[in-house]
Amino acid sequence: MPEVADFPIRHDWSRAEVEALFALPFPELLHRAACAHRQHFDPTQVQVSTLLSVKTGGCPEDCGYCPQAARYHTGVEATKLMETAAVVERARQAKAAGATRFCMGAAWRSPKDRDIPKVAAMIREVKALGLETCATLGMLSSAQAQALKDAGLDYYNHNLDTDPEYYGDIIHTRQVQDRLDTLAHVRAAGLKTCCGGIVGMGESRRQRAGLLQTLANLPAHPDSVPINRLVQVEGTPLHGTVELDPFEFVRTIAVARILMPKSMVRLSAGRETMSDELQALCFLAGANSIFYGEKLLTTGNPDTAHDQALFARLGLTPMPVAEAHDDSISACVTTVHAGITEAT
Ligand code: SAM
Ligand code: DTB
Ligand code: SF4
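Structure representation (structure tokens):
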């Protein structure tokens, strides 16, 4: 019986190593992921974020999965940037419902400089409610990243979305390097990064491994790693893609947890069509963050009452903000190791 190794923070993962993790027997993979999870987190706590689309639809990009791209006929109506007061009211409601982080999304390729003061005002007021703030607005210049940081932004979400090898099959209007440049600007401004991708877009396991390898080999592991399961929307090129095996989705969560043990791994888009049992497996595999609230950006998410009941049935509790990145929990791993030793 192999020893369960410790889970160091590494940035030099090879594709073969990541593929080997994917190929482990399911119980062994989940066990390793659960150990990695316990090294830095209390596995009963789940971070809870709420999303709001502050500017919907009409996007000039061609991301093949996205209902907000103007070129696809998905029925999503384009709107202008919301007024600050309306955004703050939604943030207040999210806080009252139990969210600790509020993420504002805009269907932009990148914000115009004239948009930044408006978004900055939203960030300042949402932050003043005592919520963590997150924004996802497309590509940012370094000056824009700094302006958002100065307004009180905590996290910036910008995804790699898929393996660099598969990227050209999904998006043609911006390159992987553009995304890496934005992430560098975000890190340089002192913002925390939220960066992940989508699975179930017809990629191979090797390409899922490539996405996670690329995320883990970034100069710093993203603080949050959203793993989205493709929400198939009629009118987008990816509508009709063969569904991913649910166990393969769980494996993706587990490998993300092992590669990035200190990051929040978010069970992100796609929960609305997941069973409670599948979500429970994802939490066992090391997911410790969700989007909470009945809408993502334009598509649905489980009812809050359903999520509250699921947390109660599984003995999960919302993670208080200060608990993130608590290194003092590593003793749990020792306990698990001891259990293995005794059992063998
Ligand atoms: N427009 C900005 C951008 O693309 O950077 C920010 C908003 S964009 C909607 C944020 C992320 O949502 C995308 O990078 C993608 O990972 C995710 N997303 C969009 N449509 C999705 C879908 N149908 N299923 C799963 N995730 C999706
Ligand atoms: C992320 O990785 N997933 C969220 C958030 N970051 C912005 C968005 C999911 C969008 C799902 C499709 C929609 O609702 O439009
Ligand atoms: Fe536009 Fe973002 Fe959708 Fe791509 S993912 S089409 S950039 S809103």
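Numbering follows our numbering, in which position 293 of the sequence shown is assigned residue number 295; successive positions increment by one, without gaps. No residue lacks a Cβ here, since even glycine has one placed at the ideal position from N, Cα and C.
Problem - Beta-carbon contacts of Ala-218 that lie in its chain and below 6 angstroms, excluding the five residues immediately before and after - result: Excluding sequence neighbours, Ala-218 sits near Trp-15, Leu-261 and Met-262.
Practice task
Starting from the C-beta of Arg-210, find all residues in its chain whose C-beta is less than 6 angstroms away, skip the five residues before and the five after it, and write them out in chain order.
Solution key: Cβ within range, chain order: Val-201 and Thr-254.
Problem - Beta-carbon proximity list for Asp-2, same chain, < 6 angstroms, skipping 5 on both sides - result: As shown, the chain starts at 3 and ends at 346. That puts residue 2 outside it, with no answer to give.
Exercise for the section: Might you give, ordered along the chain, the residues of its own chain that have their beta carbon closer than 7 angstroms to the beta carbon of Leu-286, omitting 5 neighbours on each side? Expected result: Result list for Leu-286: Leu-32 and Ala-36, in chain order.
Exercise for the section: Report yes or no: do three or more beta-carbon pairs, one from the segment 42-60 and one from the segment 86-95, lie closer than 8 angstroms? Expected result: Yes, they touch.
Problem - Glu-205 (DSSP reduced to helix, strand or coil) - result: For Glu-205, the three-state secondary structure derived from DSSP is coil.
Handout entry: Beta-carbon proximity check, Gly-272 vs Asn-230, cutoff 9 angstroms
Key = In contact: Gly-272 and Asn-230 (Cβ atoms closer than 9 angstroms).
Handout entry: Strand pairing of Thr-195, partner residues [DSSP]
Key = Under DSSP, Thr-195 shares a beta bridge with Tyr-158.
Problem - Every unbroken beta strand (DSSP E) within the segment 17-87, with a cutoff of 3 residues, ordered by chain - result: You should have 47-57.
Problem - Residue list, Cβ distance to the ligand SF4 heavy atoms smaller than 6 angstroms - result: Every residue passing the under-6 angstroms Cβ criterion appears here: Cys-61, Glu-63, Cys-65, Cys-68, Gln-70, Ala-71, Ala-109, Arg-111 and Gly-140.
Exercise for the section: State yes or no: is the C-beta of Ala-271 nearer than 8 angstroms to some heavy atom of the ligand SAM? Expected result: Result yes, Cβ under 8 angstroms from the ligand SAM.
Exercise for the section: Identify the continuous alpha helix (DSSP H) that holds Met-124 and give its terminal residues. Expected result: Its alpha helix (DSSP H) spans residues 118-130.
Handout entry: Cys-196 and Leu-220 closer than 9 angstroms at C-beta
Key = Not closer than 9 angstroms, so no.
Exercise for the section: Any chance you could list the beta strand (DSSP E) runs of at least 3 consecutive residues sitting entirely within the segment 135-181, in chain order? Expected result: Here the runs fully enclosed are 157-159.
Handout entry: Under 9 angstroms between C-beta atoms of Thr-102 and Leu-133
Key = It is a contact, given that the beta carbons lie within the stated cut-off.
Handout entry: Buried/exposed call for Lys-57, threshold 16 Cβ in 10 Å
Key = In the assembly as shown, Lys-57 is a buried residue. Its beta-carbon has 16 or more other beta-carbons within 10 Å.
Problem - Coarse secondary structure for Arg-12, derived from DSSP in three states - result: Under the three-state reduction of DSSP, Arg-12 is assigned to coil, being neither helix nor strand.
Handout entry: Arg-92 (DSSP reduced to helix, strand or coil)
Key = Three-state DSSP puts Arg-92 in a helix.
Exercise for the section: With a cut-off of 8 angstroms on the beta carbons, I'd call Tyr-67 and Leu-232 a contact; round off their distance for me. Expected result: Right, their Cβ atoms sit about 6 angstroms apart.
Problem - Local conformation of Lys-264 per DSSP, three classes - result: Three-state result, Lys-264: coil.
Handout entry: Sequence-distant residues of its chain with Cβ nearer than 6 angstroms to Thr-175 (five each side left out)
Key = Only Glu-63 and Asp-64 meet the Cβ criterion.
Practice task
Return yes when the C-beta of Ile-200 is under 8 angstroms from any heavy atom of the ligand SAM, and no when it is not.
Solution key: Result yes, Cβ under 8 angstroms from the ligand SAM.
Handout entry: Start-end ranges of the beta strand (DSSP E) lying completely within the segment 221-297, minimum 3 residues
Key = Secondary structure within the segment 221-297: the beta strand (DSSP E) runs of 3 or more consecutive residues, fully enclosed, are 226-231, 266-269 and 291-293 (chain order).
Problem - Three CB pairs or more closer than 8 angstroms across the segment 69-82 and the segment 296-305 - result: A contact between stretches requires three or more CB pairs, one per stretch, nearer than 8 angstroms, and the segment 69-82 meets this requirement with the segment 296-305.
Exercise for the section: Name, in chain order, the residues that DSSP records as bridge partners for Thr-319. Expected result: Paired residue(s): Gln-47.
Handout entry: In DSSP terms, what Gly-212 is bridged to
Key = BP columns for Gly-212 are empty, so no partner.
Exercise for the section: For my contact list, Thr-184 and Met-141 are in at a C-beta cut-off of 8 angstroms; report their separation, rounded to the angstrom. Expected result: Contact between Thr-184 and Met-141 holds, with the beta-carbon distance rounding to 5 angstroms and staying under 8 angstroms.
Exercise for the section: Report the option in His-241, Pro-239 and Phe-293 whose CA atom is closest to the CA atom of Ser-226. Expected result: The candidate whose alpha carbon is nearest that of Ser-226 is Phe-293.
Handout entry: His-39, buried or exposed, once every other Cβ within 10 Å from all chains shown has been counted against 16
Key = Looking at its Cβ environment, which holds 16 or more other Cβ atoms inside 10 Å, His-39 is buried.
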